[in-house]
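Each step along the sequence shown adds one to the number in full-length UniProt numbering, with nothing skipped, and position 188 is 188.
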Amino acid sequence: MSAQKDNSEPRRPGRPRGGKRVTASREQLLDIALHLFSRQGIANTSLNAIAKEAGVTPAMLHYYFNSREQLLDAMIEERFLPLRSKISAIFAENPDTPVNALTQMVQALADLAGQHHWFAPLWMQEVIGEMPVLRTHLHARFGDEKYQTTLTAITRWQQEGKLNRELAPELLFTTLLSLVLVPFSRMRNDERLKTLSPDIIVRHALAVIGHGIGG
């Protein structure tokens, strides 16, 4: 199924008449934090900025998240790990057919970018930003074991003739992520790319990985 473009913004609690503050749910605060992180980067977004965007007091935000570290832990656990599990499941189902797995991964990334407005721009912030907070946080929690396992699998597939031997294992997933998520991130803010659709992005990425740029 093709990804559908979702331009909806996180729902803000707002204020009723009379200026009385209303409460925000934990889910709303996570969504608003992700929106801000994707717009201006994790390192440049304070808890106070999140509280202000949500229209709540800093005390309410601290009620749910005692620190930025706790907020990041919740974001990783509840937002990122489920997405990573979806991608991991593809490779678990295709252990001996990496081309099929990588093709399905491209479609899955497009679906996720369409469903979660923050996914592509937050990934861009992490890649091009000077302080990759999310990547550092993930590394602190999980280490390099999964990364090394992935590199070993790619090398094995190359040795078995199932993947192009000229590919750099360290760059393969970054390349695929870039092919999908860079257009998704830019299409919402670049008038020159306003005619792009998820289907076009997927077709382009599959053409590049399947046939390269030769005639």
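Note that beta-carbon positions come from the ideal geometry of N, C-alpha and C, so glycine has one too.
- Annotated as proximal: L29 and Y64, with beta-carbon spacing under 8 Å.
- In the three-state DSSP reduction, H62 falls in the helix class (H, G or I).
- Contact check between the region 98-114 and the region 153-164: three or more CB pairs, one atom from each, fall below 8 Å, which counts as touching.
- A residue is called buried once 16 or more other Cβ atoms fall within 10 Å of its Cβ, and Q125 is buried on that count.
- Just so you know, the alpha carbons of N66 and D73 end up roughly 11 Å apart.
- With fewer than 16 other CB atoms across the displayed protein chains lying within 10 angstroms of its CB, L171 is exposed.
- Within the region 131-205, the complete alpha helix (DSSP H) runs of at least 4 residues fall at 133-142, 145-159 and 169-187.
- Rounded to the nearest whole angstrom, the CA to CA distance from A153 to N48 is 43 Å.
- By the Cβ neighbour-count rule, T175 is exposed, with fewer than 16 other Cβ atoms within 10 Å of its own.
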